[in-house]
Amino acid sequence: MSINRSSDVIIIGAGVIGCSIAYFLSKAGVQVTVLEREEIAAESSSAAAGLLAPLGVITGPRAGAELYLASWSITGEVMAEIEAASGVSIEYQQTGALHLVTNADEQAQVGSYAQAWQARGVDITWLTRDDLREYEPVLNPTINSALYFPHATSIRPRLVTMAYAGAARRLGARIYEHCEATGFERSDGRITAVRTAQGESIACQRVVIATGAWSERIGNSLGLSIPVVPARGQILALRQPETPLRHTIFGLNVYLVPKLDNTIYVGATVEQVGFDKSNTAGAVAWLLSSAIQLVPELERAAIASIWSGLRPLSRDAYPILGRAPGFENVILATGHGQGGFELSAITGRTITELITSGQTPALIQPFHLERFMEKAQS
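Structure, rendered in structure tokens:
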């Protein structure tokens with residue numbers, strides 16, 4: 131493999147976040163090199179459910195809500211762009227989402243979602259029991275109400291990542307797979323080059339750390355404490371019943387996402403078990419039981435596949451975005467947790483703005499790494 135010996139920006143990590151940043155930087159005319167120790171979308175960017183519906187996150191801290199809503203506002207346009215530019219079909223479909231009310235706890239939770247969306251003028255509708263039967267006849271008939279969000283969409287995660295990468299490559303980005311970043315050369319608070327497992331040294335002006343669940347490890351090599359841990363998410367795919375599920379469903383702390391290949395993704399656990407990607411009997415049983423409670427016909431559904439992935443979960447469950455303290459030219463883009471695909475568009479755009487303008491966009495200023503140090507000192 132022949133590697134160019136210099137680049138304006140080196141991005142470490144070719145998951146959806148790294149590839150999104152590569153795409154936006156390449157659009158802006160920046161020379162980009164992406165280093166990936168395995169393959170594009172090798173880890174959580176292939177394992178995700180591919181659900182684009184931030185129904186819950188807008189009730190969190192205001193800065194987090196605004197970040198998700200900003201990304202939501204541009205995601206459809208960006209998905210169309212990268213699909214056209216790369217020639218990769220991302221299986222984008224607008225399913226709409228039903229957030230079911232199955233008990234008193236969910237009544238309060240869904241009600242808070244409704245208030246948050248309505249305050250922002252978003253198109254949502256409360257559905258009664260009779261309405262639900264029309265929208266989704268396969269639902270459990272004991273469910274009496276739901277919040278309907280018509281703009282929820284589904285994508286194929288690996289294909290979206292490949293589309294970002296393909297679009298970036300067509301704009302001149304160089305993406306090297308099976309090329310692990312193993313060290314750094316430094317001078318006066320700057321990274322001047324990145325060393326690879328192949329023995330190459332690539333000079334650069336800036337480095338972006340987009341290594342997901344492995345960010346803590348690479349942070350240690352820079353003397354940075356990046357509080358991101360792997361959170362295992364177990365997911366399974368079921369074959370559609372005779373009467374197919376048409377909408378994305380939330381309820382009983384699980385989600386059901388219909389896909390174009392006639393399957394339904396059911397997920398997901400959130401488990402801090404290190405880098406263990408095993409599937410467990412208890413988790414699979416819980417996912418199946420919850421799915422069947424929501425859609426009884428799934429009791430007879432064939433299991434198409436079972437898998438798990440490692441989400442990069444920060445200490446406060448919000449991403450870490452912006453300059454790395456102690457370095458002039460190191461930028462962090464990690465810790466997106468369950469929101470990697472929902473936040474990929476806005477992350478790519480704002481990190482590109484930071485690099486090209488030298489100024490941190492206001493939208494991502496609250497997500498700097500130093501916030502964890504400030505909390506520890508307070």
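Reminder that position 187 of the sequence shown reads as 317 in the working numbering, one-by-one numbering, no gaps.
Ideal placement from N, C-alpha and C gives every residue a C-beta, glycine not left out.
Since the structure is predicted, the reported quantities are computational estimates derived from the model, not experimental observations.
To the nearest angstrom, how far is it from the Cα of residue i to the Cα of residue j?
{"i": "THR393", "j": "ILE133", "result": "41 Å"}
{"i": "PRO280", "j": "HIS377", "result": "9 Å"}
{"i": "ALA276", "j": "THR291", "result": "32 Å"}
{"i": "VAL162", "j": "ARG135", "result": "12 Å"}
{"i": "LEU366", "j": "GLY353", "result": "38 Å"}
{"i": "PHE405", "j": "LEU440", "result": "7 Å"}
{"i": "LEU443", "j": "PRO360", "result": "6 Å"}
{"i": "LEU155", "j": "GLY145", "result": "15 Å"}
{"i": "VAL324", "j": "ALA210", "result": "33 Å"}
{"i": "GLY226", "j": "CYS334", "result": "44 Å"}
{"i": "TYR395", "j": "PRO374", "result": "13 Å"}
{"i": "ALA432", "j": "LEU368", "result": "6 Å"}
{"i": "GLY467", "j": "PRO449", "result": "7 Å"}
{"i": "LEU199", "j": "ILE379", "result": "20 Å"}
{"i": "GLY251", "j": "LEU182", "result": "19 Å"}
{"i": "GLY469", "j": "GLN370", "result": "26 Å"}
{"i": "VAL384", "j": "GLY159", "result": "42 Å"}
Please list the terminal residues of the continuous beta strand (DSSP E) segment that includes residue i.
{"i": "SER438", "result": "433-444"}
{"i": "ARG299", "result": "Taken as a continuous stretch (DSSP letters only), ARG299 belongs to no beta strand (DSSP E), being part of the alpha helix (DSSP H) at 287-300."}
{"i": "ASP138", "result": "136-142"}
{"i": "GLU315", "result": "311-317"}
{"i": "GLN370", "result": "Careful: GLN370 lies outside any beta strand (DSSP E) and carries neither H nor E."}
{"i": "ARG336", "result": "331-339"}
{"i": "GLY349", "result": "Element bounds for GLY349: not the beta strand (DSSP E) but the alpha helix (DSSP H), 345-351."}
{"i": "GLY226", "result": "No beta strand (DSSP E) holds GLY226; DSSP gives it neither H nor E."}
Take the Cβ of residue i as the centre, count every other Cβ of all protein chains shown within 10 Å, and call the residue buried at 16 or more, exposed below.
{"i": "ARG300", "result": "exposed"}
{"i": "LEU390", "result": "exposed"}
{"i": "TRP256", "result": "exposed"}
{"i": "GLY488", "result": "exposed"}
{"i": "PRO267", "result": "exposed"}
{"i": "PRO271", "result": "exposed"}
{"i": "GLN224", "result": "exposed"}
{"i": "THR482", "result": "buried"}
{"i": "SER355", "result": "exposed"}
{"i": "ARG192", "result": "exposed"}
{"i": "GLN364", "result": "buried"}
{"i": "ARG286", "result": "buried"}
{"i": "SER284", "result": "buried"}
{"i": "SER174", "result": "buried"}
Does at least one heavy atom of the ligand SAH sit under 7 Å from the Cβ of residue i?
{"i": "PHE405", "result": "Absence of the ligand SAH from the depicted structure is noted, as is the absence of any ligand whatsoever, leaving it without description."}
In terms of residue numbering, what span does the alpha helix (DSSP H) encompassing residue i cover?
{"i": "TRP256", "result": "Segment 255-257 is the beta strand (DSSP E) holding TRP256; no alpha helix (DSSP H) there."}
{"i": "ALA398", "result": "Here ALA398 belongs to no alpha helix (DSSP H), and DSSP marks it neither H nor E."}
{"i": "TYR243", "result": "234-249"}
{"i": "THR486", "result": "470-487"}
{"i": "ALA411", "result": "411-424"}
If residue i and residue j are in contact, beta carbons under 8 Å, what's the gap, nearest whole angstrom?
{"i": "ARG362", "j": "SER242", "result": "Actually they do not touch by this definition, with Cβ atoms about 28 Å apart."}
{"i": "GLY313", "j": "GLY456", "result": "Going by Cβ atoms, the distance from GLY313 to GLY456 rounds to 17 Å, so no, they are not a contact pair."}
{"i": "GLU307", "j": "GLU166", "result": "5 Å"}
{"i": "THR464", "j": "THR341", "result": "6 Å"}
{"i": "VAL240", "j": "HIS229", "result": "5 Å"}
> Taking the runs of the beta strand (DSSP E) that are 3 residues or longer, which of them lie wholly in the segment 261-286?
Replying inline: 275-279
>> Restricting to runs no shorter than 3 residues, where is the beta strand (DSSP E) found entirely within the segment 145-210?
In response: 162-165
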